[in-house]
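Have a look at the structure below, then the notes.
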Amino acid sequence: MAAALEPFAAKLANVLVGMAKEEVETLLGVPGAIAKLETTLADLSSILADADRRRIHDPGVERWVRELKDAMYDADDILDLFRAMEGGEDPGSPPRAAPAPSACWSALCRRSPAATRKIGRKIQALNRRVEEIAKRSSRFGFVSQVIHSSSALRLTDRPMCSCSSESSRNRKTGPSITRSDVVGDKIDLHTRNLVDLLIGNKLADGRTRARSSGDVIAVAITGAGGIGKTTLARMVFNDAVLESHFDKKVWLSVNQEVNEVHLLHGVIAAFGGSYHGCAGDKALLEDTLKHAVRQKRFLLVMDDVWSDRVWSDLLRAPLGACAPGSRVLVTTRNDGVARGMRAQHLHRVEKLDLGDSWSLLKKQVVLNEGDESEIDGLEDIGLKIVERSDGLPLAIKVVGGLLLNKGKTRDAWVNVYNHFAWSMTRSNDDINKAVYLSYEELPPHLKQCFVFCSLFPKDELIIRGVIVRMWIAQGASKLRHLSVSKTAIERVAIQKQVSLRTLLLFGRCITELTYFRNNISCLRVLHLQGVDLVDLPDYICHLKRLRYLGLANTGISAIPRGIGNLKFLQFIDLMGCRNFHQLPDSILKLQNMRFLDFRGTRLTSIPPGLELASSGSMAATAMLNSKKHLKILDLTFASRLTDNGMIEGTSNVIEEQERAEDVLSNLCPPPCVECLTVNGYFGYRLPRWMRTMSDFPSLRRLELKDYVCCKQLPVGLGQLPFLDYIWIDHAPSIVSIGHDLLFLSSSSADDQKVTTGTRITRKLQLHGLSRGDAGVAFPKLETLGLKGMLGWRVWNWDQQTPGMPALDVLTITGCKLRYLPLGLVHHATALRVLNLRNAPFPSLVELTSADNPKLQRISNSPRPRHIVVIRCPGLKVVKDLQSLRSVIWKDLDADALPEYLRETELNKLDVYCSLRLLKLISLQDGSY
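1 is the number of the first residue of the sequence shown in full-length UniProt numbering; add one for each residue after it.
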């Protein structure tokens, strides 16, 4: 899929509009040529959307589109020369004072008249090409649609939160199940049948299963792509019955392209083994796996298998050393793969019926009870839409996501139903049609971002921050690219790549960069992460158009001194370069630099101007508060704090702590910051700006790490309307958390009352929220982690103070807290996961959970003797409660008793249920 035309055309138009065209044309000797190019591109822009759509069906349009894109890329290369001469400013960068363009070009003309004439000839030739392409457009009868330059990519206006390890994968799956993905009664029945097959010795038709010596018995789930095979496998994997039956359960995402060594690494690690010392040797790895599974009865789920060879030629033999009763559950689109793996039972997943399809669509678009009546009014058109999705759950979910963004109006739903994407003739795959429909409805700039992801190998980890930086560097355009993920590259294949703009090498790809020397003069993105590279050649400094240089986890020790000549360079990633020790002074010449990461290096020399802030006055020179485009801020202290709380190398601890406070006080973030991390702060008091956190209404994510001496958390976090993640790690001096976490105290708020209130109100109005929503503390908070707070004993939050209505995950570890506050218990109604580790409640003997439909697990607590469970239908696992003696279970709407009651040894069980369920229990054969 080629990149979208619209945003690229808009980007060129923006550059042309901003040029001093008449002066440059005169100096180049091509009067009117640049203005003519601008006009032609503007005329073409109105038909680009239609051309981009029609190329899917029409090979002639596809060729025309490719020719136009080639011309646009050549135009962009020429325009880079203009930008370089006008001071090196890249579009989207903050404006700076630059020399007058006429002066720059006059100097160039005097210095190199031949080069000037060459540029002029290029512009004239490009004009002729674009004019010819424009004339041929009339043959296709394109429909004119106005586009605006505002559709050009503006990633600086979007959050780029990469301050965590969160990431996304192309098609890597895991065993976690989201209940909203599941509809209908059949899946529960199919889950139970497959569980019985896996733990029993009978096949589905009652026959005794065949046994082969040394073989692991396989069961297969088959069906079309997107039909729900993985969801069913997850349901089986997470069934409570299997927890006690198998010694080990392992989920393995296989996929179409299999790297055998990486696959063996993953399986060995999952079984608790170590592959270090095997040096990638397949025979050694297989032997290691054999020892890892010896005498273990396991369940291995192999999801998305495309060839039986991954089993028969790689895993079958070493896994045969397991204990009897081990099983493999495989999901595959191909029945032949299942038979090749000698599966003794094939379960084919059928499409959803119309009723279940509609139920699944409703789950995607209904956000609360108030929405349901509106959506029910659209049932007639909704049924037509799911009918076009052909009962495929993945297609229905994709369309549901699109409808959720479209709104709950009949016209919007009718437009989706009538969209041309459903009539695509190039593919018969209904999932592709649904995905293409969703793609077509993306804004043009996001289309480019989406297709750029195809450059990554299928199983490659796509880190959000890395790909965002590539989008910015490339202008989110994908053409003339090379992405290599294999262990070797043929020189001939490299030399065929002309005018490369993107070069991505993945894994331990060994090659001589010299091969690329004549092909990369137009390069914008160079990504060499993890490549076996020791020295970076000097000719890298001649890549005048380079915007992104990714060198993470390579063996380089330095970068060439001429790096400062790359006027457009915006991103340098050196993270994990263990041999790297020195930055050249010329790096300060990179005026467009946005990102420099040297974490995990051995940097010993920093150019003047990049020193550590050793005082408040030096920190103030950074003027962080004035950075209007700063979204992500990571403040890390070079702490000299020892384990006993003393500061190494000084006798005046108080003076060092006051200096740390002064430094952090003068590093106040701007109000636009969205992701904030403070690491290693050892001041005794809060810095000034942390006493009024409501000054940062855009903040979405906050992390405090090694927050060792301060006795107070930031004040007023609960007033931030978009904060959805808080993680505190190692704050041993915190003793009490009070209401000032939720709201500003009157003493803190007096000076900030007007400005803060105005700023938050404006932010809320911008996002369609009312000021009344701010009366609830932490309205968007989903994840709260409180770890290593060794002195924490008290959490004050009364029941009358509303807050945390969206809290999904709460983690509390390593503290002395003895009770949870009533405010949390009463208002955190969406809480799904509660992690309590290191026995933070040593006296807890009774636990009550009422009306918590999202609660899934109660485990790992040695003290509770009595549990009360009232209307918690999502609770599936109750285990590792060594002292548990009695359970009270109440649910008048339940159709069956939960499995955990069958598996738990109790002295007393009280059940309050419907008469129908009571009769069913009485008919059981003593299972309960």
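Note that CB positions come from ideal geometry on N, CA and C, so glycine has one too.
For residue i, three-class secondary structure by DSSP
{"i": "residue 302", "result": "strand"}
{"i": "residue 846", "result": "strand"}
{"i": "residue 879", "result": "strand"}
{"i": "residue 571", "result": "strand"}
{"i": "residue 735", "result": "coil"}
{"i": "residue 919", "result": "helix"}
{"i": "residue 193", "result": "helix"}
{"i": "residue 544", "result": "coil"}
{"i": "residue 453", "result": "helix"}
{"i": "residue 311", "result": "helix"}
{"i": "residue 629", "result": "coil"}
{"i": "residue 35", "result": "helix"}
{"i": "residue 133", "result": "helix"}
{"i": "residue 703", "result": "strand"}
{"i": "residue 380", "result": "helix"}
{"i": "residue 959", "result": "The structure shown does not extend to residue 959, since the chain spans only 1 to 928, so no value can be given for it."}
{"i": "residue 819", "result": "coil"}
{"i": "residue 888", "result": "strand"}
{"i": "residue 261", "result": "helix"}
Same chain only: Cβ atoms within 6 Å of residue i, ignoring 5 sequence neighbours per side
{"i": "residue 712", "result": "686"}
{"i": "residue 199", "result": "245"}
Alpha-carbon to alpha-carbon, residue j and residue i
{"i": "residue 720", "j": "residue 727", "result": "15 Å"}
{"i": "residue 301", "j": "residue 330", "result": "6 Å"}
{"i": "residue 876", "j": "residue 395", "result": "28 Å"}
{"i": "residue 902", "j": "residue 867", "result": "15 Å"}
{"i": "residue 855", "j": "residue 722", "result": "24 Å"}
{"i": "residue 530", "j": "residue 573", "result": "12 Å"}
{"i": "residue 582", "j": "residue 446", "result": "38 Å"}
{"i": "residue 919", "j": "residue 892", "result": "13 Å"}
{"i": "residue 121", "j": "residue 592", "result": "30 Å"}
{"i": "residue 365", "j": "residue 399", "result": "10 Å"}
{"i": "residue 260", "j": "residue 267", "result": "11 Å"}
{"i": "residue 801", "j": "residue 737", "result": "15 Å"}
{"i": "residue 538", "j": "residue 597", "result": "21 Å"}
{"i": "residue 421", "j": "residue 414", "result": "14 Å"}
{"i": "residue 633", "j": "residue 678", "result": "9 Å"}
{"i": "residue 928", "j": "residue 691", "result": "Confidence at residue 928 is low in this model, with a pLDDT of 49, below 50, so its placement is unreliable and the value that follows should be read with caution. In a straight line, the C-alpha of residue 928 is about 56 Å away from that of residue 691."}
{"i": "residue 52", "j": "residue 40", "result": "18 Å"}
{"i": "residue 78", "j": "residue 60", "result": "28 Å"}
{"i": "residue 257", "j": "residue 314", "result": "14 Å"}
{"i": "residue 874", "j": "residue 237", "result": "16 Å"}
{"i": "residue 271", "j": "residue 287", "result": "13 Å"}
{"i": "residue 428", "j": "residue 453", "result": "Legend: pLDDT at residue 428 = 47, less than 50; position of this residue unreliable, no value from coordinates given."}
{"i": "residue 820", "j": "residue 795", "result": "7 Å"}
{"i": "residue 340", "j": "residue 252", "result": "18 Å"}
{"i": "residue 832", "j": "residue 594", "result": "38 Å"}
Span of the alpha helix (DSSP H), counted from its first residue to its last, around residue i
{"i": "residue 405", "result": "393-406"}
{"i": "residue 237", "result": "229-237"}
{"i": "residue 527", "result": "No alpha helix (DSSP H) holds residue 527; the beta strand (DSSP E) holding it covers 525-527."}
{"i": "residue 288", "result": "282-293"}
{"i": "residue 359", "result": "354-365"}
{"i": "residue 335", "result": "335-340"}
{"i": "residue 660", "result": "653-665"}
Beta-carbon proximity check, residue i vs residue j, cutoff 9 Å
{"i": "residue 275", "j": "residue 283", "result": "no"}
{"i": "residue 195", "j": "residue 254", "result": "no"}
{"i": "residue 694", "j": "residue 674", "result": "no"}
{"i": "residue 911", "j": "residue 923", "result": "no"}
{"i": "residue 294", "j": "residue 321", "result": "yes"}
{"i": "residue 548", "j": "residue 602", "result": "no"}
{"i": "residue 349", "j": "residue 191", "result": "no"}
Element boundaries [beta strand (DSSP E), containing residue i]
{"i": "residue 811", "result": "809-813"}
{"i": "residue 870", "result": "866-870"}
{"i": "residue 912", "result": "908-912"}
Below-9 Å beta-carbon distance, residue i vs any chain C residue
{"i": "residue 871", "result": "Among the protein chains of the structure shown there is no chain C, as only one such chain exists."}
Other residues of its chain near residue i: CB distance less than 7 Å, five sequence neighbours each side excluded
{"i": "residue 734", "result": "711, 713, 789, 791, 792"}
Own chain, CB closer than 8 Å to residue i, minus 5 neighbours either side, in chain order
{"i": "residue 908", "result": "885, 886, 887"}
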